[in-house]
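This report refers to the structure that appears directly beneath it.
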Amino acid sequence: MLITLPPDYRPTDNEEFMNGQQLAYFRQKLLRWRQDLLREAGDTLASLSVGGIAEADLTDRASVETDRALELRTRDRARKLISKIDQALERIENGTYGYCEETGEPIGLRRLEARPIATLSIEAQERHERMERVHRDD
Numbered sequence: 008m009l010i011t012l013p014p015d016y017r018p019t020d021n022e023e024f025m026n027g028q029q030l031a032y033f034r035q036k037l038l039r040w041r042q043d044l045l046r047e048a049g050d051t052l053a054s055l056s057v058g059g060i061a062e063a064d065l066t067d068r069a070s071v072e073t074d075r076a077l078e079l080r081t082r083d084r085a086r087k088l089i090s091k092i093d094q095a096l097e098r099i100e101n102g103t104y105g106y107c108e109e110t111g112e113p114i115g116l117r118r119l120e121a122r123p124i125a126t127l128s129i130e131a132q133e134r135h136e137r138m139e140r141v142h143r144d145d
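Heads up, the sequence shown is in our numbering, so the first residue is 8 and it goes up one at a time.
See below:
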């Protein structure tokens, strides 16, 4: 079922959680984010494929190499983010989007607005981070 959203639509707490409009809104948000990341990756690939490093000065060459390494790390993060976006889109399709993977409770619109790939409620995320800190300190 295809839902057309008004251009100024924003999910609110006054609606049923994860109704058709909210799902369509987050699907569009995720798809736009994914498209932007893929476009940026294409731009990076194009700039990296333009010949080798032609800088004669060793300092300039090191600077260019450092910039390229940083760009590649950024692209790797983007690749991982695209994977998380794809997983979120899959959750929209199977009806689990917006609900905490640990508790099954709604994640909350404000959290999803800020981080549309969230899989945990704020409370579950805080518990998870506390556990990570405890195990990291061991």
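Note that beta-carbon positions come from the ideal geometry of N, C-alpha and C, so glycine has one too.
Just so it is clear, the structure is predicted and the values come from calculations on it, not from any experiment.
Could you check what DSSP says for residue i in three-state terms: helix, strand or coil?
i     : result
Tyr32 : helix
Leaving out the 5 sequence neighbours to the left and right, which residues in its chain are closer than 7 Å to residue i when beta-carbon positions are compared?
i      : result
Ala131 : Cys107, Glu109, Thr110
Arg41  : Ile89, Ile92
Leu96  : Arg34, Leu37
Go through its chain and collect everything with a Cβ distance to residue i's Cβ below 8 Å, but skip five positions before and after it.
i     : result
Ser90 : none
Here's the rule: buried if 16 or more other CB atoms are within 10 angstroms of the residue's CB, otherwise exposed. What is residue i?
i     : result
Phe33 : buried
At a cut-off of 7 Å, would you count residue i as near the ligand MN, judging by its Cβ distance to the nearest heavy atom?
i      : result
His142 : The model depicted lacks the ligand MN and carries no ligand whatsoever.
In terms of alpha-carbon separation, which member of the options lies closest to residue i?
i      : options                       : result
Ala121 : Gly102, Gly27, Leu37          : Leu37
Glu23  : Gly115, Ala85, Pro123, Ala125 : Gly115
Gln28  : Thr51, Ile10, Leu77           : Ile10
Leu30  : Thr103, Asp74, Asp83, Lys87   : Thr103
Ala85  : Arg117, Leu45, Asp74          : Leu45
Asp83  : Gly105, Gly49, Arg98          : Gly49
Would you check if the distance between the CB atom of residue i and the CB atom of residue j is smaller than 8 Å?
i      : j      : result
Ser128 : Glu112 : yes
Glu78  : Thr51  : yes
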